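Here is the structure we will look at.
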Amino acid sequence: MRRAVGVFLGLVLVLGVFGPVRAADFPTKEVQIIIPWAAGGATDLVFRALAASTSKHLGKAVVVVNKPGGAGAVGYTEVMQARPDGYTLVTAVTPLTILPHQIKTAFTYKDFEPIINVVEDPAMFQVQADSPWKTLPEFLDYARKNPGMITVGNSGAGGGVHLIALAFERTGGVKFNHIPFSGGGPSITALLGGHIHAVSCSPPEGIAHVKAGKLRIIALFSEKRMGAFPNVPVVREQGVDFTMSQWRGLAAPKGTPPEVIKKLHDAFKQGMEDPAFVKNATDMTVHLSYMGPAEFGKIMAQDHERYAKLVQEIKKQ
Amino acid sequence: MDVLASLQYLLSGFGVATTPENLFYCLVGAIVGTLVGVLPGLGPIAGIALLIPATFNLNATSAIIMLAGIYYGAMYGGSTTSILINVPGETASVMTCIDGYQMARKGRAGPALAISAIGSFVAGSLAILCMVFLAPPLAEAALAFGPTEFFSLMVFGFVVLSNVTGASLLKSLMMAMVGLIIGTIGMDPVTGNPRFTFGAVSLLGGIEFVAVAIGLFGIGEVLANVEQPTESLEQQVLVPRFRDLYPTLQDLKDSLGAILRGAGIGFGCGLVPGPAPVIATYASYMVEKRIARHPEEFGHGAIQGVAGPESANNAACQSAFIPLFVLGIPFAPPTAILLGALLIHGVNPGPMLISEHPNLFWGVVASMYIGNFILLLLNLPFVPLFANILRIPKKVLLPLVMLFCLTGMYSVNNFMLDLWVMLGCGALGYLMRKWAYEGAPLLLALVLGPKLEVAFRQSLMISHGGFAIFVERPISLVFLLATVGFLFLPLLRRAVRSLTRGRAAVA
Amino acid sequence: MAAGLALLLFGAVTAFLSLRLPIGTLRGPGSGLFPLALGLILIGLSVCHLVELHLTATTPPTDTEAHRDDGSAWRVLLFMGVMVLGTAFLTVLGFPLVAFLLMAGLLYILGVRRWQRVALIALCSAVASYVLFVRWLQIPLPKGWIGL
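From first to last, the protein sequence lines stand for chains Z, W and S. Every letter in the first sequence is one number past the one before it in this note's numbering, and letter 143, counting from 1, is 143. Quick note: to get this note's numbering, add 1000 to the position in the second sequence (first position is 1). Quick note: to get this note's numbering, add 2000 to the position in the third sequence (first position is 1).
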């Protein structure tokens, strides 16, 4: 019995010390990025790639931790209450400015210090390739004549693309029938199967199918045309003055010292410019769009106001 | 695509898969997968997500080979703790607990472990074959399932599977209701309104299924054991004798049918969106119980009760790759992560994947076959080792199990609430044991409930409130009719029987 | 019997709470519709169950699970109590320490009395799980003030 225990302890010590190489570069003070959603989403992928490339430039490991729950509320609340020492960060994405209007959260964007914005993805509407509406004017025309008949799927009630669809309704003067799904994937599937007429989404959702010719982008809500699809006009070019996109960046709890923010910002900026990361991003068809802390903060404030009004509209319905 | 071309590609795929480095990655994936599957709570999702960064420097094919290996490896590993200590290693292993653990208590842990490995291998291999030749048309068929069809399918599944284990239909239905109600806690998936959260942010995400599963089954069992007289705590669960470590020929014969049927059921389930492996295991158990010659054995250590579900969950896991690769749409959370991994490596899953990256697709398919084989080789020799874990006296084993559960549970979501739910369900499971209520219907309801509700409401939204949509759409109609038929079949049978008896009496 | 009543209560509470939520109509179902229906069904089923029990009531089943030894119920309570304490202090004390204390406590309750044994097993388990989860699998486990 004693011998077995001795051998066991010995093994444990040996393995603990000489464990897999990764164990060795796990210092006591790594930087954690909290992602308030389950693993596998677009945010998750982008920031896992970014964490990997930034570790080199920061000199310490950058670790991604998922804390899903409450459509993001759980993760954001936790980071808001974390120590503002720069070791706990959170991915700040558009829903941060939407959620506080929908449910009583303990936080708003003001409880965080913006560090850097990494990605900005345009929202879009897609339809089946053989759908009867070939251009945006046709689509809107039909919608005006048949209010509430066109079913538009989205990745979740009150989520970014849902609100973008609602805002588009108001600008375009039409009314759709919004069908919520549990995520971008299911909404695209429903469109492919012909169960809904159109879908409101943002890359990389549906992109592969557009490239394969099964789906078509009928409305693109960005400022400029997408590099991958030069023949798709943006909505502005077609007479509807509307642009809206989702941003994904990093933030720290309020009160984090400015020097720490600057250090983090510089390291992540270098990580963003790292060729390996750039390649990853292009492959994922996500649109890199750097914004510094001040600019990022302004965008958050703007969107917070914008969505406040939109959410009020939904609540009235 | 025609069969000959497929075969050619498959052969070249084997060429890709058998390079030394890809074999290595396959092995690593399989091992990590097994480990991840064995640890309660930690499932393939976490395992894959954790290893994605490690794959950044690899080429796409090797990366996917490794990550895919984790997924089906976890299915192999999950059965180990289910059988040995009644703790489901991950969600798809819940059914294996039921008969697997009973077999362990009778000293037949070895055969149970071995059969689950063998069944998994056979089913996995068959599924891969089907995948190779039937992938594109099957994927297209899966698209035909919209919210309406999905709802009817789930109603059918729910009704059929609710009374899968227990004797009392009423009690099972009540448990199912409880499960459905628990499933509503959290944010309403359709409108985003919080339900039953009492303002607590931590409840917004709902109750974690794994926490309930581990609590009801694992911890409930531990507590039931703790209650036993102290002398029994000195003992081991049961000491397996060496010749009992491997299945007998009779065992193999008994299991063959179950394995094949499980493979078929699992394969079908994997194609449909949703937590396919879980549903597949329930369905397989149900089928086996229904057609068994000795149904009373089920729940007390029938080997088909292990062979069927284990085969089903592996087959479901393999066929889940079809929608992923062919449509680019993940139908289950682990495949969602794999999608991410594909994207990071610059491979855009979708209709173009097979034509743009034939080496990747066929390489991965071939490596799945190799991976299944590796896992069989890995798991079988370890059977005696694992079975010997049961030699540890209960008074040491039980605390270890608790620690295990606690750690594993936390590692899923890093969420304290999960731990409390787990403990609460542990107490609940203990009480349920005393009062003869079954946990399986509750878990099934917890899984299916939210999706059922969402599908129902989505359908009504699409049809602007018209209920006709459920019978207008052909697939949906079929399932609804099947449900009605299932419910009234026993009544019909009785009616027919009494009629014929009446006639015989007259004659 | 107790179970039947408990379920009845559960159903009633569910139905009651769901009335506070927007029910909507069948055309546009609100958040509360589904839970309300579930609560009502559960009430119905529990009533059926209780009625069935009443009708088929034979002599109350003798407590075949008569306490084998007087410790049994206590043990279960203590066992759960230690788990609850351990979980409560997990974030405060950090994982390795709680693992050690938890194991020690549970082992003691189940009858391992030689404290050297208890300490040794508890230590091995805590260390092994730490190495496995935190080092090898890189899973963040609560750190506590010790900072491990």
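Think of the CB as a built atom: it goes at the ideal place given N, C-alpha and C, for glycine as much as any other residue. Remember, it's a predicted structure, so these values are computed and weren't measured experimentally.
Outcome for Ser1498/W when other beta-carbon atoms lying within 10 angstroms are tallied against a minimum of 16
With a threshold of 16 other beta carbon atoms within 10 Å, Ser1498/W falls short and is exposed.
In terms of DSSP beta bridges, what is Phe112/Z paired with?
In DSSP, Phe112/Z forms a bridge with Pro253/Z.
If you draw a straight line from the C-alpha of Ala1332/W to the C-alpha of Met1075/W, how long is it?
Whole-angstrom Cα-Cα distance: 14 Å.
How is the alpha helix (DSSP H) around Ala143/Z delimited, first residue to last?
For Ala143/Z, the enclosing alpha helix (DSSP H) stretches over residues 136-145.
Three CB pairs or more closer than 8 Å across the segment 51-58 of chain Z and the segment 262-270 of chain Z:
Taking a cut-off of 8 Å on C-beta distances, the segment 51-58 of chain Z touches the segment 262-270 of chain Z, as three or more cross pairs fall below it.
I'd like to know if Leu1487/W contacts chain S, where contact means its C-beta is closer than 8 Å to some C-beta of that chain.
For Leu1487/W, no CB of chain S lies under 8 Å from its own CB, so it is not counted at the interface with that chain.
His209/Z to His1357/W, Cα distance in whole Å?
Each residue's Cα considered, the two are about 15 Å apart.
So, are the CB atoms of Ala1127/W and Gln1318/W less than 8 Å apart?
Yes, the pair counts as a contact, with Cβ atoms nearer than the cut-off.
Checking contacts by CB at 8 Å: is Ala2119/S closer than that to chain W?
Not closer than 8 Å to any Cβ of chain W, the Cβ of Ala2119/S fails to qualify, so no.
Does the beta carbon of Ala1495/W sit closer than 8 Å to a beta carbon anywhere in chain Z?
Ala1495/W does not count as touching chain Z.
Does Gly2094/S come within less than 8 Å of chain W when only Cβ atoms are used?
Output row for Gly2094/S: interface = no.
Start-to-end residues for the alpha helix (DSSP H) that takes in Tyr1246/W:
According to the DSSP assignment, Tyr1246/W belongs to no alpha helix (DSSP H), since it is labelled neither H nor E.
Cβ closer than 8 Å: which chain W residues qualify as neighbours of Phe2010/S?
Within chain W, the residues near Phe2010/S are Val1178, Ile1181.
Less than 8 Å between the CB atoms is what I'm expecting for Ala92/Z and Pro114/Z, so what's the real figure, rounded?
That belief holds up - the Cβ atoms of Ala92/Z and Pro114/Z are roughly 7 Å apart, short of 8 Å.
Inter-stretch contact (C-beta, 8 Å, three-pair minimum) for the segment 1049-1068 of chain W and the segment 1021-1030 of chain W:
These segments touch.
What separation, rounded to the nearest whole angstrom, lies between the Cα atoms of Ser200/Z and Ala1144/W?
Between Ser200/Z and Ala1144/W, the alpha-carbon positions lie close to 20 Å from each other.
Are Val152/Z and Ile196/Z close, meaning C-beta to C-beta below 8 Å?
Yes.
At the 8 Å Cβ level, is Leu2163/S part of the contact set with chain W, yes or no?
Residue 2163/S lies beyond the residue range present for chain S, which begins at 2001 and ends at 2148; the question has no answer from this structure.
8 Å Cβ cutoff, Pro68/Z in contact with chain W
Pro68/Z counts as touching chain W.
What are the boundary residues of the beta strand (DSSP E) that includes Leu320/Z?
What is shown of chain Z runs 1 to 317, which leaves residue 320/Z out entirely.
Rounded to whole angstroms, what's the CA-CA distance from Thr43/Z to Thr108/Z? Just pull it up for me.
Whole-angstrom Cα-Cα distance: 19 Å.
First and last residue of the uninterrupted alpha helix (DSSP H) at Met1286/W:
1276-1291 is the extent of the alpha helix (DSSP H) around Met1286/W.
Take every Cβ of the segment 1307-1316 of chain W, pair it with every Cβ of the segment 1280-1299 of chain W, and state whether three or more of those distances are shorter than 8 Å.
Cβ pair count under 8 Å is three or more, so yes.
Which same chain residues end up closer than 6 Å to Val1278/W when comparing Cβ atoms and leaving out the 5 residues on each side of it in sequence?
Within its own chain, the residues whose Cβ lies closer than 6 Å to the Cβ of Val1278/W, once the five positions on either side in sequence are excluded, are Thr1091, Ala1092, Val1447, listed in chain order.
By the criterion of Cβ-Cβ separation under 8 Å, what are the contact partners of Met1416/W in chain S?
Ordered by position in chain S, the residues that pass the 8 Å Cβ test against Met1416/W are Thr2087, Leu2090, Thr2091.
Can you tell me which residues form a DSSP beta bridge with Ile179/Z?
Under the DSSP definition of a beta bridge, Ile179/Z partners with Gly153/Z.
How big is the Cα-Cα spacing for Ala2088/S and Leu1170/W?
Approximately 37 Å, taken between the alpha carbons.
Roughly how many angstroms separate the alpha carbons of Gly1146/W and Thr189/Z, rounded to a whole number?
Taken atom to atom, the span from the alpha-carbon of Gly1146/W to that of Thr189/Z is near 8 Å.
Am I right that Thr1184/W and Phe1198/W are in contact with their C-beta atoms under 8 Å? What's the rounded C-beta distance?
About 14 Å separates the two Cβ atoms, so there is no contact after all.
Return the chain-ordered list of same chain residues with a C-beta closer than 8 Å to the C-beta of Met1103/W, the five sequence neighbours on each side being excluded.
Closer than 8 Å at Cβ, skipping near neighbours: Ile1083, Ala1109, Pro1111, Ala1112, Gly1301, Ile1303, Val1306.
CB Asn1086/W to CB Phe1217/W, shorter than 8 Å?
Yes, the pair counts as a contact, with Cβ atoms nearer than the cut-off.
Environment of Gln2116/S [buried if 16+ CB atoms lie within 10 Å]
With a 10 Å radius around the Cβ and a threshold of 16 neighbouring Cβ atoms, Gln2116/S comes out exposed.
First and last residue of the beta strand (DSSP E) that includes Tyr87/Z?
Where Tyr87/Z is concerned, there is no enclosing beta strand (DSSP E), given that its DSSP letter is neither H nor E.
Taking 8 Å as the CB-CB limit, is His2054/S close to chain W?
False, the Cβ-Cβ gap to chain W never drops below 8 Å.
Am I right that Thr1018/W and Gly1073/W are in contact with their C-beta atoms under 8 Å? What's the rounded C-beta distance?
Here Thr1018/W is actually not in contact with Gly1073/W; their C-beta atoms are around 18 Å apart, not less than 8 Å.
Considering only the beta carbon of each residue, do Phe229/Z and Ile164/Z sit closer than 8 Å?
For Phe229/Z and Ile164/Z, no; Cβs fall outside 8 Å.
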